[in-house]
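Chain order of the listed sequences is A and B. So for the first sequence, the numbering used here puts the first residue at 558; every next one is plus one. So for the second sequence, the numbering used here puts the first residue at 5; every next one is plus one.
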Amino acid sequence: MSDPIGGVPYYILEFGDELVYFTPYTITLFLLALTFTVLVIISRPERQMDIAFGGDAYGTKEISLTELQFRRFMAIACGLASMGAMVTGDIFNFTLFTAMVGITNVGIVAAVKSHHVQDAAFQYGLVALCATVPLFGGAAVYAASTGSLSMIELMKGTLPAVPLIAKALLVIGVVGEGMAPFYAAKAEMFRAPGAPYVIMCSLSSLLIFLRVVEVVMLG
Amino acid sequence: MIAELVLATLFGLLLLGIHRKLIARIQRRPGPPVWQEILHMLKFSFKTTWVPVTASSTLFVAVVLIAIGIWTAAFYVLVSGGSLLVILGIYMLHKIVEHGFGLSSGSPYGKYGGVRSVISAASEIPLFVSVAVIAIYTHSLDLYAIIEYQQVSGPLIVAAFPAACAMFLVILSKMPFGPFSIVEAKELVSGYKTEHFGIWRAGLEVSNGLKTYVLLAVFLTVFFGPLTLPWLLTGMILLIVLLAFSCAITPMMSPFDSVTIQTMVTGLMLIYAAIVLLVVRP
Chain A
558 MSDPIGGVPY YILEFGDELV YFTPYTITLF LLALTFTVLV IISRPERQMD
608 IAFGGDAYGT KEISLTELQF RRFMAIACGL ASMGAMVTGD IFNFTLFTAM
658 VGITNVGIVA AVKSHHVQDA AFQYGLVALC ATVPLFGGAA VYAASTGSLS
708 MIELMKGTLP AVPLIAKALL VIGVVGEGMA PFYAAKAEMF RAPGAPYVIM
758 CSLSSLLIFL RVVEVVMLG
Chain B
5 MIAELVLATL FGLLLLGIHR KLIARIQRRP GPPVWQEILH MLKFSFKTTW
55 VPVTASSTLF VAVVLIAIGI WTAAFYVLVS GGSLLVILGI YMLHKIVEHG
105 FGLSSGSPYG KYGGVRSVIS AASEIPLFVS VAVIAIYTHS LDLYAIIEYQ
155 QVSGPLIVAA FPAACAMFLV ILSKMPFGPF SIVEAKELVS GYKTEHFGIW
205 RAGLEVSNGL KTYVLLAVFL TVFFGPLTLP WLLTGMILLI VLLAFSCAIT
255 PMMSPFDSVT IQTMVTGLML IYAAIVLLVV RP
């Protein structure tokens with residue numbers, strides 16, 4: 558039993574019918590999510606320099622303690638959701654973690670007092686919201702066509718083949734949560750101060766995209 | 005492994021030096037000596053180092069270590085014949101590193117370099133489609149399996165020439181002074197790396213050297229099959245000459261044009277991948 562990308566799982570942790578498994582590939586992605594989550598916890602935000610055009614005036618943007626606490630909390634939640642998505646062995650859980658990544662990405666910049674950033678977050682939120690339809694639809698087609706949502710069962714190759722439409726829906730759902738071209742909706746979000754937190758927005762999208770590539774190659 | 009890593013880094017920096025020298029000569033300038041990038045790396049290693057007072061100091065330092073770490077991992081995957089998808093993933097993570105470099109300092113120049121890095125994420129999709137096409141042909145993403153396929157069926161550069169072009173474009177988008185180098189455009193001083201000085205810049209140079217070596221070696225391995233070390237090094241020099249010509253004769257695009265062209269290439273590659281899927285694996 559092995560998957561085409563991750564190889565033979567090193568370890569399978571079962572929680573009843575839920576399970577988590579670790580392959581070299583998923584461990585690599587998990588460790589990256591963990592590294593950046595630790596960075597979120599231990600880093601202080603930078604103070605962005607702002608230059609007034611047409612003059613010599615400049616200043617720094619300060620993040621208030623309340624805003625810092627909220628954004629750090631959302632960034633940590635995003636890191637945890639990303640870690641969950643990296644190691645879960647259940648397709649439904651993967652879609653849940655992916656949807657949570659979308660929500661926390663909006664949350665990371667929701668407290669920033671800039672209407673450019675807020676507008677971008679709102680637009681991204683709408684795209685992410687729409688993307689949950691194909692995301693969960695894909696998982697539903699997986700369940701309907703194979704009778705299982707377990708990646709380990711799909712890995713064994715004993716279940717009926719997964720229809721291409723299920724895989725396509727899953728990929729479209731993940732792409733809508735923040736990959737190119739929908740990434741563009743996030744561009745203004747990245748102008749927000751608080752580098753350690755904002756980076757989680759791009760990292761989480763990237764990691765779930767890399768994981769979904771592995772998922773769709775099962776079954 | 006350590007010796008190979010050091011040699012690969014130095015050779016990657018030498019390739020960047022050749023790239024810079026060739027661009028200068030094509031544009032009728034004398035240009036720096038070819039070992040200039042190696043000298044840069046050594047010079048920055050012994051310069052005074054500081055962290056800007058506005059920076060997120062932990063992230064400012066950590067991104068340098070992460071940049072070296074991910075390309076060291078990519079080199080290990082390349083040497084040990086791991087999955088091509090892992091190298092693709094690391095290439096995409098480099099975008100996060102550029103983003104981190106730019107945003108962590110608090111400088112507006114760095115910030116816009118980082119933001120440009122993020123908006124040019126469309127450049128990664130042609131790479132992903134190239135990898136998908138390779139998987140369709142070889143039924144695997146394992147580097148050893150790809151090499152074995154080419155030993156039997158001939159180099160993939162012949163069978164999947166558009167995929168090779170797309171991957172070449174992806175490498176071009178990561179080369180300095182190229183048409184897609186909007187992340188370090190001169191209007192942003194040095195873009196995302198503006199504020200990283202001293203040992204931090206030396207670390208960035210190390211990761212750039214290693215990145216250049218890994219990307220060129222992966223291109224040659226994936227599209228030309230097994231090559232002995234002299235042929236691999238010769239191929240990398242020829243590839244850097246080709247990249248230098250591409251960079252020297254094309255102006256740097258505006259961010260909008262850069263993203264538009266990368267998106268168009270992505271569209272064409274998706275159509276090509278669909279055709280390959282229907283023809284090769286109906």
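Virtual Cβ for every residue (Gly too), placed ideally from N, Cα, C.
As assigned by DSSP and simplified to three states, the class of residue i
{"i": "SER297(B)", "result": "No answer is possible for residue 297(B): it lies beyond the span of chain B, which begins at 5 and ends at 286."}
{"i": "MET257(B)", "result": "coil"}
{"i": "GLY73(B)", "result": "helix"}
{"i": "ASP676(A)", "result": "helix"}
{"i": "VAL38(B)", "result": "coil"}
{"i": "VAL269(B)", "result": "helix"}
{"i": "PHE249(B)", "result": "helix"}
{"i": "TYR754(A)", "result": "helix"}
{"i": "TYR567(A)", "result": "coil"}
{"i": "VAL55(B)", "result": "coil"}
{"i": "LEU576(A)", "result": "strand"}
{"i": "SER762(A)", "result": "helix"}
{"i": "SER600(A)", "result": "coil"}
{"i": "SER707(A)", "result": "strand"}
{"i": "VAL719(A)", "result": "coil"}
{"i": "MET712(A)", "result": "helix"}
{"i": "SER61(B)", "result": "helix"}
{"i": "MET774(A)", "result": "coil"}
{"i": "GLY213(B)", "result": "helix"}
{"i": "GLU734(A)", "result": "coil"}
{"i": "ARG32(B)", "result": "coil"}
{"i": "ALA749(A)", "result": "coil"}
Interface flag, residue i vs chain B, CB-CB below 8 Å
{"i": "LEU726(A)", "result": "no"}
{"i": "VAL577(A)", "result": "no"}
{"i": "TYR681(A)", "result": "no"}
{"i": "THR585(A)", "result": "yes"}
{"i": "LEU570(A)", "result": "no"}
{"i": "ALA723(A)", "result": "no"}
{"i": "PRO753(A)", "result": "yes"}
{"i": "LEU589(A)", "result": "yes"}
{"i": "TYR567(A)", "result": "no"}
{"i": "TYR699(A)", "result": "no"}
Residue-level contact to chain A via CB, residue i, 8 Å cutoff
{"i": "HIS103(B)", "result": "yes"}
{"i": "ALA59(B)", "result": "yes"}
{"i": "PRO112(B)", "result": "yes"}
{"i": "ALA66(B)", "result": "yes"}
{"i": "THR198(B)", "result": "no"}
{"i": "ILE100(B)", "result": "yes"}
{"i": "GLY16(B)", "result": "no"}
{"i": "THR53(B)", "result": "no"}
{"i": "LYS25(B)", "result": "no"}
{"i": "MET273(B)", "result": "no"}
{"i": "LEU282(B)", "result": "no"}
{"i": "VAL122(B)", "result": "yes"}
{"i": "GLY93(B)", "result": "yes"}
Candidates the options, of which the one nearest residue i by Cα
{"i": "ALA277(B)", "options": "THR58(B), ILE129(B) and ALA221(B)", "result": "ILE129(B)"}
{"i": "THR655(A)", "options": "LYS618(A), ILE620(A) and PHE693(A)", "result": "PHE693(A)"}
{"i": "GLY751(A)", "options": "PHE649(A), GLN626(A) and SER705(A)", "result": "GLN626(A)"}
{"i": "ALA163(B)", "options": "MET5(B), VAL283(B) and ILE6(B)", "result": "VAL283(B)"}
{"i": "LYS618(A)", "options": "SER121(B), GLY110(B) and ILE94(B)", "result": "GLY110(B)"}
{"i": "ASN662(A)", "options": "PHE766(A), GLU603(A) and MET757(A)", "result": "MET757(A)"}
{"i": "SER671(A)", "options": "LYS724(A), ARG601(A) and GLU624(A)", "result": "GLU624(A)"}
{"i": "LEU160(B)", "options": "LEU20(B), VAL57(B) and PHE228(B)", "result": "PHE228(B)"}
{"i": "GLY73(B)", "options": "LEU589(A), ALA667(A) and ARG628(A)", "result": "LEU589(A)"}
{"i": "TYR116(B)", "options": "GLU41(B), PRO34(B) and ALA189(B)", "result": "ALA189(B)"}
{"i": "LEU14(B)", "options": "SER211(B), SER258(B) and TRP204(B)", "result": "SER211(B)"}
{"i": "LEU576(A)", "options": "ALA749(A), PRO720(A) and PHE649(A)", "result": "PHE649(A)"}
{"i": "HIS23(B)", "options": "PRO112(B), GLY182(B) and VAL263(B)", "result": "GLY182(B)"}
{"i": "ALA642(A)", "options": "GLY611(A), LEU591(A), ILE599(A) and ILE620(A)", "result": "LEU591(A)"}
{"i": "VAL38(B)", "options": "GLU152(B), TYR80(B) and LEU26(B)", "result": "LEU26(B)"}
Any non-hydrogen atom of the ligand COA closer than 7 Å to residue i Cβ
{"i": "GLY16(B)", "result": "You won't find the ligand COA in this model; it holds no ligand whatsoever."}
For this session: Ignoring anything shorter than 4 residues or poking outside the region 91–133 of chain B, list the alpha helix (DSSP H) runs there in chain order.
Result: Qualifying alpha helix (DSSP H) stretches, in chain order: 112–123.
Problem set entry | Residues of the region 596–623 of chain A whose Cβ lies closer than 8 Å to any Cβ of chain B, in chain order | Answer set for the region 596–623 of chain A: LEU596, ILE599, SER600, ARG601, PRO602, GLU603, ARG604, GLN605, MET606, ASP607, ILE608 and THR617.
Exercise. Of all the residues that make up the region 756–770 of chain A, which are near chain B by a beta-carbon distance shorter than 7 Å?
Worked result: Listed by position along the chain: ILE756, SER759, LEU760, LEU763, LEU767 and VAL770.
Problem set entry | Completely contained alpha helix (DSSP H) runs for the region 645–701 of chain A, where each covers 4 or more residues | The region 645–701 of chain A contains these whole alpha helix (DSSP H) runs: 648–667.
For this session: Write down every uninterrupted run of the beta strand (DSSP E) in the region 605–636 of chain A whose length is 3 residues or greater and which is fully enclosed by it, in chain order.
Result: Taking only runs of at least 3 residues, the beta strand (DSSP E) segments lying wholly in the region 605–636 of chain A are 606–608 and 615–617.
Problem set entry | Proximal residues, the region 76–87 of chain B versus chain A, C-beta separation under 9 Å | Going along the region 76–87 of chain B in chain order, one finds ALA77, GLY86 and SER87 with a Cβ nearer than 9 Å to chain A.
For this session: Please name the residues in the region 166–197 of chain B whose beta-carbon is closer than 9 Å to at least one beta-carbon of chain A, in chain order.
Result: With the criterion set as a beta carbon lying under 9 Å from some beta carbon of chain A, the region 166–197 of chain B has no members that meet it.
Exercise. Residues in the region 137–165 of chain B with C-beta within 8 Å of chain A's C-beta atoms, listed in sequence order?
Worked result: Within the region 137–165 of chain B, the residues whose Cβ lies closer than 8 Å to some Cβ of chain A are SER144 and LEU145, listed in chain order.
Exercise. Taking the runs of the alpha helix (DSSP H) that are 4 residues or longer, which of them lie wholly in the region 135–182 of chain B?
Worked result: The region 135–182 of chain B contains these whole alpha helix (DSSP H) runs: 147–157, 160–163 and 165–178.
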